[in-house]
Amino acid sequence: MRKLQETGCRSARIIRLSPVLIVLIGMLCLGMFRPVYADSGNMKVAVRSDQITITLSDIGDSGTAQVYAASANEYAEGDSIHGISTIRGNGDLIGTYSCGGSKTLTIDRYNEKSEDRLYDKYYVIQDKKVLAGPVYATDIQSKKNRIRVETTSKKGILLEGDDPVTPAKDLGAQQAALNIDVTELLYANEDKNGKPVDEREHGGIAFRSNGKTYFFNKKRVDYYDKAISEATAAGINVTAIMVAMPNSDYSSHPVSLTYGDGALTPVMGFNTSNRKGLGYFEAVMEFLASRYSNTGHGVISSYVIGNEIDHPYNYWKVSKNTAKYKSGAWKGKWIEKRESLDTFMEEYTRALRIANLAVKKYAADAAVLVSLTHDWAYNEQSVRHNYSPLIRNTYAPKAVLSWIEKRESARGDYDWGVAQHNYSGSLPATDIGMVDTGADSTHPYFKITGDYNTSQFITVLNLEVLQKYLSQADMMYDGKPRGIYLTETGVSSGDCSEVGQKRQAAYIAQLYYRCANLDAVKALCYYRLVDHEAETKNNASFGLIDSNGDKKLAYDMYKHIDSKDSFVYSNPYLPYISFMKGGKVHSVAKGNISSYKDAMAVTDGFDWDAAWNLKKIESAPLKSDRSDGTDYEYELKYEYKYDKSTRRHDVIDKDTGKIIETEDCAFDSGNVTKQATRTKNGVLTYTCEICGGSYKETIPKLTTVSPVKDYIYEGVEIIPQIKVKDSNKKNVSRDQYLVTTLSGSVGIYTVKLDFNGRYKYRTSFKVTIHPVGTKLKKLKAGKKKVTVYWYAQPTQISGYQLQIAAKKSFRKAKTYTVKRKTGIKAGAKLSKTLKAKKGKYYVRVRTYKKVKGTKIYSSWSKAKSTKIR
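Following our numbering, the numbering of the sequence shown begins with 31 at its first residue and continues without gaps.
Shown next, in the form of structure tokens:
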């Protein structure tokens, strides 16, 4: 039994102040702590070196309640949100509490098995009713108060390759992101048959966590030691990205830490719903936090838990594939059925919470981060439903953050931050200003705004929207917005042409200036150093170095972007920024942009005049004799002359009138000057953003608009499939039209189809969702009768229809209706006896559902035959 101490009274309230868990770099400069309270009601949990104190006040009305300590994946019967965990129970009784009064319970931190109670959550329960909890510890005595490397710049890079730190130092990076693959790092303690395995004989590094020994891959640890220690020595803050990459051989990696073979994805989630998986995850987080808390191996100051968790079907899938599509263009492919937001988020935030407790055990200023895409609220809007059905299985990042604030704050608030993957709405695009502001005809429904309630995306052009969202009173921690770490953010150079590279350089500069002047942004870890073949084949060329090893134009610009020479390197690319605002194109050529400061306000709603600060931009301690850092205005030194035949322009010195060079035009993605219809071609005009020269192309008219009109009930929303071709017999992109998304229930629907962008056409058509059919089990012939047996299919039906006929074609068949009975489970055996004369008969069955007076039928089952005596 653990040692238990109790103090309490009904007339006084005991309040314990906790030291702040420092998360912001600016706060580290203060060198001091301020007391804060976690937003967890009237129950506080404080952890010291050998004791845990639970302070209770004003909980319940009267009578006596019990106080329990439960493991993170154990849930009281009255706790309705439990993820996929099947572990039920109140946990261990640690004391009683007189409802409405005040009391302090103190227990030993480590139990008889040497398990750390730091990871437990606490309940107050009376008569099986949860009065308070679950609540986790938020006042934690860490082994170190500060480990974070003090830096002056937010500029960073993703660390990759065998020697990742050398190029980071050449770039002058002070921030870095590093992927840590747990499947390569952590060994299983048992083989597939459950037999214990001691990996020390294979060179595994032993580590004790919660009374058990775990083993880590020495080769991977050596790599991380070298990279992290070198980065720390170079004054670089490292953010670790915790991922689990699937492999074909599970002989080494613990299967219990994954969601199983049926949930294999490009990046897997960490399964802490089972006891072994929870132990493994606590162990790996403790191993890293203890090793990289300035103990000679370098420092990891932040940990990103997972990858783009709002896209669970790729990166944190909890559910397993259960069925395949029965109809439409996706017929035969797996239906990705996502869990409810409550179930999924409980699974994710359990891992996030455990990670936070583990890192806080060793360092008060270490933080955990939530990995999200730039999609923001895209899947909550009808535009998204033109795309793959997988998209509907995403969660809006906005909804994810709202859930964490609402649920996790009540369990004990802590300093989690956001690791956003910030790109353009179109990853391969180079003219991202026009794309993201809705001026690109290839993406007519896409448009960012400056309002977190209306913007579909938060991209490199409106990152301030995320800061505004996190600046809401109920989202802040300790009175400040939560930290934003851009751990995967890049701008493509497209086909790596000269124009593509100049645009990339321009928008990277704009991105850095945006980040430098947003206080909530703590790090910009640019993605990536070198182009990757898998990305460049789709023109998603984010690297600062191309695949041949040659530095792009953006390399030197990014190297100096945070120095006094910042604008010396960035201003030559400013003319390559253009965006649509207020119905007008904004660019240097249009005369309404004369500096990067002008280029900040792509959307409304943020005061860039107040936020713009050269000291925040030019923060790196690099010496320069080229600039004093005060002149950031762009000086228009050149004129341009367009050559229509070559679609290039001459660059002419304004003072001398001499041609300096001839270069390719920077054409936009095309502006629709005349929309195509079903009967007439349209016109697309391409305009150079530098010289204003233009050329035109024909938009072929629509010739084929053919919808699929019949579907089978899938249990999910159905996106009507449309075959659209133009007069050149080419498929028209789904970006060009919106189509009504169907609820998925059996019924007859009117679907609206609305073209926009390059086309002008609107129509509607009827679509039917049919019930799922069934099949016959057997026929049992008797004297002048036959008993038909079939399988119950009770979902979305009103009953069954049977047909019996003497002919295989079912001509002149007799039809019988059997109404659905309640309480019948799928697959149960049903039967009906039909009368018939002697002879051979054929029988078939189908389901039906009556909707608004109309019967909607499934397809007929395969027929069976029998002979009646």
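All C-beta atoms, glycine included, are put in the ideal place defined by N, C-alpha and C.
In this structure Ala393 is in contact with Ser323, their Cβ atoms being roughly 5 Å apart against a cut-off of 8 Å.
Residue state for Asn219 is assigned as coil, using DSSP reduced to three classes. Taking one beta carbon from each stretch, the stretch 266–276 and the stretch 336–351 have 3 or more pairs nearer than 8 Å; the two touch. In its chain, beyond the 5 residues on either side, Pro730 have a beta carbon closer than 6 Å to the beta carbon of Asn758. When beta bridges are read from the DSSP output, Ile742 appears opposite His800. Between Gly121 and the set Asp169, Ile155, Lys897, Leu135, the nearest pair of CA atoms involves Ile155. In the DSSP assignment, Phe245 forms a beta bridge with Ala236.
DSSP, read as helix, strand or coil, puts Ala394 in coil. Fewer than three pairs of CB atoms, one per stretch, sit closer than 8 Å, so the stretch 602–618 makes no contact with the stretch 556–570. DSSP places His590 inside the alpha helix (DSSP H), whose first and last residues are 583–590. Among the bridge pairs identified by DSSP, Thr715 is matched with Asn701, Lys726.
DSSP places Phe487 outside both helix and strand once states are collapsed to three, so it counts as coil. The beta carbon of Val762 sits closer than 8 Å to the beta carbons of Leu732, Val754, Lys755, Asp756, Tyr789 from its chain, once the five residues preceding and following it are set aside; these are given in chain order. Its Cα nearest to that of Lys436, the residue Thr379 stands out among Leu318, Lys581, Gly857, Thr379. Beta-bridge annotation (DSSP): Ala706 is paired with Tyr789. The C-alpha of Ile235 lies about 39 Å from the C-alpha of Asp109. In the pairwise beta carbon analysis, the stretch 162–180 is classified as touching the stretch 74–85: at least three pairs are separated by under 8 Å.
A direct Cα-Cα distance of roughly 51 Å separates Asn786 from Val314. Just so you know, the alpha carbons of Lys594 and Met587 end up roughly 12 Å apart.
Residues His327 of the same chain have their beta carbon placed closer than 6 Å to that of Asp255, with the five preceding and five following residues left out of the count. A Cβ-Cβ contact shorter than 8 Å links Ile384 with Phe311.
Between Val735 and Thr793, the beta carbon gap of about 7 Å places them in contact (Cβ cut-off 8 Å). With 16 or more other Cβ atoms inside 10 Å of its own Cβ, Asp698 counts as buried. Within its own chain, the residues whose Cβ lies closer than 6 Å to the Cβ of Val521, once the five positions on either side in sequence are excluded, are Gln534, Tyr537, Ile538, listed in chain order.
By the Cβ criterion, the stretch 870–879 is in contact with the stretch 832–841, since at least three pairs of Cβ atoms, one from each stretch, lie closer than 8 Å. The shortest C-alpha to C-alpha distance from Thr771 to any of Asp765, Gln751, Lys760 is the one to Gln751.
Per DSSP, Leu161 is one residue of the beta strand (DSSP E) stretching across 159–165.
Note that the C-beta distance between Ala811 and Lys897 is below 8 Å. Cys129 sits in coil when the DSSP states are folded into three classes, being neither helix nor strand.
Inter-segment contact for the stretch 134–149 and the stretch 237–248 is present: three or more beta-carbon pairs are separated by less than 8 Å. In the three-state scheme derived from DSSP, where H, G and I count as helix and E and B as strand, Ala385 is classed as helix. With a contact defined as Cβ atoms closer than 8 Å, Ser891 and Lys837 miss out at about 17 Å. In the DSSP assignment, Val818 falls within the unbroken beta strand (DSSP E) covering 815–821.
Across the structure, Thr196 and Gly265 are spaced so that their CA atoms are roughly 13 Å apart. For the pair Ala167 and Lys151, the Cα-to-Cα distance works out to about 7 Å.
The beta carbon of Tyr791 sits closer than 7 Å to the beta carbons of Thr707, Arg708, Leu732, Phe785 from its chain, once the five residues preceding and following it are set aside; these are given in chain order.
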